[in-house]
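Trainee: The working numbering puts the sequence shown at residues 12 to 475.
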Amino acid sequence: MKFLLVFPRFKYPSGDPPVGPLSLIAYLRRELPSVLVDFFDATFTPSLDAIEKKIELFSPDLVGVYCATLMYEDALKVGIIAKKHGARTVFGGPHSTMAPKSLLSRSCVDFVIIGEGERPLVHLLESYPDMAKIAKNTAIKIRGMKNQENMAKLQLIDDLDDLPFPAYDMVDMGRYIRHWFQMDVVSPALRGTNVFASRGCPFSCSFCQPTLTSLFGKKIRFKSPERLIEEILFLKEQYKINSFIIDDDTLTCNKEWLLKFCTLLEEKKLCMQWGCNTRVGLINEKILEIMSKVGYRRMMVGIESASQRILDEVYNKGIKIKDAPALISSAKEHGVKVFAYFMLGAPTETSREMQKTIDFAFTSAIDEATFSIATPLPGTFLASRFMQNHYRGNDDFSKVDYYRGNPRTVSRNIRSLRLRQKLAFLKFYLHPKRISFLLKSFSSIIAIRKSMLKLKRLVQVKGR
Ligand code: SF4
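#1: Closest to Ser-2 by CA distance: which of Thr-361, Lys-333, Ala-376, Val-312 is it?
#2: Does any heavy atom of ligand 1 sit closer than 6 angstroms to the C-beta of Cys-212?
#3: Just how far apart, CA to CA, sit Lys-247 and Ser-427?
#4: Quick check: does the Cβ of Cys-219 come within less than 6 angstroms of any heavy atom belonging to ligand 3?
#5: Taking Cβ positions, are Glu-300 and His-345 nearer each other than 7 angstroms?
#6: Rounded to whole angstroms, what is the Cα-Cα separation between Lys-251 and Thr-149?
#7: Over the uninterrupted alpha helix (DSSP H) stretch that includes Lys-5, give me the two end residues.
#8: Just checking Cys-216 against ligand 1 - is the residue's beta carbon closer than 6 angstroms to any of the ligand's heavy atoms?
#9: Please tell me whether, using a cut-off of 6 angstroms, the distance from the CB of Asp-260 to the nearest non-hydrogen atom of ligand 1 is below it.
#10: Taking the CB atoms as reference points, tell me whether Met-181 and Ile-321 lie closer together than 7 angstroms.
#11: Leaving out five residues before and five after Asn-405 in sequence, what residues of the same chain have Cβ atoms less than 6 angstroms from its Cβ?
#12: If you measure between the beta carbons of Phe-392 and Leu-355, is that distance less than 7 angstroms?
#13: Taking the alpha carbon of Pro-28 as the point to measure from, which residue in Leu-135, Leu-167, Val-76, Arg-189 has its own alpha carbon closest?
#14: Taking the CB atoms as reference points, tell me whether Gln-561 and Ile-257 lie closer together than 7 angstroms.
#15: By Cβ distance, which residues of its chain are closer than 7 angstroms to Ser-70, with the 5 residues on each side in sequence left out?
#16: Could you tell me whether the Cβ atoms of Leu-16 and Phe-55 are closer together than 7 angstroms?
#17: Flag this pair as touching only if the region 223-240 and the region 198-213 have three or more C-beta atom pairs under 8 angstroms; answer yes or no.
#18: Please report the residue range of the beta strand (DSSP E) in which Trp-285 lies.
#19: Near Ala-86, which residues of its chain fall below 6 angstroms by C-beta distance, leaving aside the five closest residues on each side in sequence?
#20: Flag this pair as yes or no: are the beta carbons of Val-48 and Arg-41 separated by less than 7 angstroms?
#21: Taking the C-alpha atoms as reference points, what is the distance between Lys-157 and Gly-103?
#22: Output yes or no for whether 7 angstroms exceeds the beta carbon distance between Val-9 and Arg-308.
#23: In the DSSP assignment, find the alpha helix (DSSP H) that holds Ser-543 and state where it starts and stops.
#24: Excluding the 5 residues preceding and the 5 following Lys-271 in the sequence, name in chain order all residues of the same chain whose CB lies nearer than 6 angstroms to its CB.
#25: Within its chain, find whatever has a CB closer than 6 angstroms to the CB of Tyr-187; leave out the 5 residues flanking it on each side and keep chain order.
#26: What residue ranges within the region 141-195 form continuous alpha helix (DSSP H) runs of no fewer than 4 residues, ordered along the chain?
#27: If I follow the unbroken alpha helix (DSSP H) through Glu-298, where does it start and stop?
#28: Look up Ser-383 in the DSSP assignment and say whether it is helix, strand or coil.
#29: Nearest to Glu-242 by alpha carbon, out of Tyr-179, Thr-224, Ile-298?
#30: Taking its Cβ as the centre, do 16 or more other Cβ atoms sit within 10 Å of Ile-459, making it buried, or is it exposed?
#31: Hey, is Ala-376's beta-carbon within less than 7 angstroms of any beta-carbon in chain C?
#32: In the DSSP assignment, what residue or residues form a beta bridge with Lys-88?
#33: DSSP puts Glu-315 in a beta bridge; with which residues?
#34: So Phe-122 and Ile-153 are in contact, right, with Cβ under 8 angstroms, and what is the actual spacing, rounded?
#35: Within the same chain, show all residues whose beta-carbon is closer than 8 angstroms to that of Val-30, passing over the 5 residues directly before and after it, in chain order.
And the structure:
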């Protein structure tokens, strides 16, 4: 039995390795030693021809395709190639979990896995090709099979410490580290990568949920701090990193975990610079002080909008915009750089509200910001509330893109919104206090290369 997993990242190249799929590969290798497992990462080889060649050479029985909504179109193309070469296909990932029916209406999709992939995929590979046996697992949906239970029971890994280290050997980690720009604001010379400590999120932001809950369940699960330290030590020894980002959605909601992690960082004398996501209202001065003493240098925070109405009525964000400035200045006092996520063009958002967000970002002490176009992704509360006429049945998700927005998924004039987005970036980064960051971004060949990669998120990329 041969299984090939494809990560079809053709658009928006990034220095962040696909840790989730690599974790899945490592799990399969451990649980099913008799299955030959391989991985194709399109990040640095965005070529369908290369994928086809890989399939020809490896000749897999089953091709797994990771499918986030931004990858939808390319994921289907991979499915078509796999079928052409006689393999069956299984789709997983966030889009697959949120829109399984529309995927299964495509002849290039044989199976869809709902939620966390490890355990259902093991069941599928063990049972293949016995369809009746495969169908016993409700997290696996099968094209054309009638009487399948509608409700999928998530098959979660109870103890994340039980997962093996992600299969970093399956990707070009050297190249990922060279392209990694997460800590450039501290120094573009830092060598680092992303790690994960948890799965799930207890909050209910309308543009994001219930996707995370559908993938990972209601309860947030953590690796132990000891286990994450082990992983970081491994990466430090193996790939000589001196920096990392804990890329969890909301790491700081578990204070006890965080404090233990900081204690271990100090005890083990890791001496690394690191960052993580947080939320307004989820981290206090005292914890920031402890974190900064053990190398915490970059805070990423979703502020989304400076309009409390948009935060409450549209995004269900659960934060108070009036609390954001205190968090930002507290971080700055402890030498922590602040990156903020904003969105423009929410349903019902007025021009004045958007301008308020842009002005808030501009005048704040935030070091870096991104302004996405508010895009209701399939299955989210935002989509079901504001897009009743979209995402039905066999829909075309190929135009869904929150970097560039598109006329089908935003509720206003897309050209003026894109223009406003560009002006927001220009205004923000051309502020005199951020010029030094811009200069730093073009101060060396490494820095220029990474900056170009970041800019690609604003400019349409033709990967093939
Ligand atoms: S946006 Fe962040 S905080 Fe909100 S639900 Fe998603 S992961 Fe959780």
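The C-beta atom is built at its ideal place from N, Cα and C for all residues, glycine as well. None of the values given here were measured: they were computed from a predicted structure.
Mentor: From the atom records:
#1: The requested residue 2 does not occur in the structure, where the chain is confined to residues 12 to 475.
#2: Numbered from 1 along the sequence shown, position 201 holds the residue referred to as residue 212. Yes, ligand 1 has a heavy atom inside 6 angstroms of this Cβ.
#3: Counting from one through the sequence shown, the residue named residue 247 turns up at place 236. Counting from one through the sequence shown, the residue named residue 427 turns up at place 416. If you draw a straight line from the Cα of Lys-247 to the Cα of Ser-427, it is about 46 angstroms long.
#4: Looking at this structure, you won't find ligand 3 anywhere; what it does contain is ligand 1.
#5: Position 289 of the sequence shown, counted from the start, is the residue given in the question as residue 300. Position 334 of the sequence shown, counted from the start, is the residue given in the question as residue 345. Inclusion of Glu-300 and His-345 in the CB contact set at 7 angstroms is warranted, their separation being smaller than that value.
#6: Position 240 of the sequence shown holds residue 251. Position 138 of the sequence shown holds residue 149. Distance between the alpha carbons of Lys-251 and Thr-149 is about 42 angstroms.
#7: The chain is shown from 12 up to 475; residue 5 falls before or after that span and cannot be answered.
#8: Along the sequence shown, read from residue 1 onward, the residue named residue 216 stands at position 205. The answer is yes for Cys-216.
#9: Within the sequence shown, numbered from 1, the residue matching residue 260 stands at position 249. If you check the C-beta of Asp-260 against ligand 1, you find a heavy atom less than 6 angstroms away.
#10: Locating residue 181 in the sequence shown gives position 170, where the first residue counts as 1. Locating residue 321 in the sequence shown gives position 310, where the first residue counts as 1. No. Outside cutoff.
#11: What you label residue 405 is simply residue 394 of the sequence shown in a count that begins at 1. The predicted position of Asn-405 is uncertain, since its pLDDT is 43 and thus under 50; a value taken from the coordinates is nonetheless stated next. Excluding five sequence positions before and after Asn-405, the CB atoms of its chain that fall closer than 6 angstroms to its own CB belong to Ser-113, Ser-116, given in chain order.
#12: Sequence index remark: in the sequence shown, residue 392 carries index 381 (1-based). Sequence index remark: in the sequence shown, residue 355 carries index 344 (1-based). Contact flag unset, no.
#13: Within the sequence shown, the letter at position 17 stands for residue 28. Proximity to Pro-28 across Leu-135, Leu-167, Val-76, Arg-189 peaks at Arg-189, based on C-alpha coordinates.
#14: Any question about residue 561 goes unanswered here, given that the chain covers just 12 to 475.
#15: Here residue 70 refers to the residue found at position 59 when the sequence shown is read from its first residue. Counting only residues of its own chain and dropping the five nearest sequence neighbours on each side, Ser-70 has a CB closer than 7 angstroms to the CB of Lys-13.
#16: Here residue 16 is taken as the residue at index 5 of the sequence shown, counted from 1. Here residue 55 is taken as the residue at index 44 of the sequence shown, counted from 1. Not in contact: Leu-16 and Phe-55 (Cβ atoms no closer than 7 angstroms).
#17: Segments in contact, yes.
#18: As a first step, residue 285 is located in the sequence shown; it is residue number 274 there, counting from the start. Here the beta strand (DSSP E) through Trp-285 covers 284-289.
#19: Sequence index remark: in the sequence shown, residue 86 carries index 75 (1-based). Cβ neighbours of Ala-86 beyond the five flanking positions: Pro-19, Val-76, Cys-78.
#20: On the sequence shown, residue 48 is found 37 positions in, with the first residue counted as 1. On the sequence shown, residue 41 is found 30 positions in, with the first residue counted as 1. Against a cut-off of 7 angstroms, the Cβ pair of Arg-41 and Val-48 comes out as no contact.
#21: Numbered from its first residue, the sequence shown carries residue 157 at position 146. Numbered from its first residue, the sequence shown carries residue 103 at position 92. Cα to Cα, the separation comes out at about 20 angstroms.
#22: An answer regarding residue 9 cannot be provided, because it is not within the stretch 12 to 475 covered by the chain.
#23: No answer is possible for residue 543: it lies beyond the span of the chain, which begins at 12 and ends at 475.
#24: The count along the sequence shown starts at 1 and reaches residue 271 at position 260. Once the five neighbours on either side are set aside, the close Cβ partners of Lys-271 are Pro-236.
#25: Walking along the sequence shown from the start, residue 187 turns up at place 176. Only Gly-26, Pro-28 meet the Cβ criterion.
#26: Qualifying alpha helix (DSSP H) stretches, in chain order: 142-145, 184-190.
#27: Numbered from its first residue, the sequence shown carries residue 298 at position 287. Just to set this straight, residue 298 is Ile in the shown sequence, not Glu. In the DSSP assignment, Ile-298 falls within the unbroken alpha helix (DSSP H) covering 296-304.
#28: Residue numbering aside, residue 383 sits at position 372 when the sequence shown is read from its first letter. Strand, per DSSP.
#29: Mapped onto the sequence shown, residue 242 falls at position 231. The residue among Tyr-179, Thr-224, Ile-298 with its C-alpha nearest the C-alpha of Glu-242 is Tyr-179.
#30: What you label residue 459 is simply residue 448 of the sequence shown in a count that begins at 1. Here Ile-459 is exposed. Its C-beta has fewer than 16 other C-beta atoms within 10 Å.
#31: Of the protein chains in this structure there is only one, and it is not chain C.
#32: In the sequence shown, the residue the question calls residue 88 occupies position 77. As far as DSSP is concerned, Lys-88 takes part in no beta bridge.
#33: Residue mapping note: residue 315 aligns to position 304 of the sequence shown, counting from 1. Per DSSP, Phe-353.
#34: Numbered from 1 along the sequence shown, position 111 holds the residue referred to as residue 122. Numbered from 1 along the sequence shown, position 142 holds the residue referred to as residue 153. At roughly 6 angstroms, the Cβ-Cβ gap stays under 8 angstroms, so Phe-122 and Ile-153 are in contact.
#35: Here the question's residue 30 lines up with position 19 in the sequence shown. Correct list, in chain order: Pro-177, Asn-205, Val-206, Phe-207, Asp-258.
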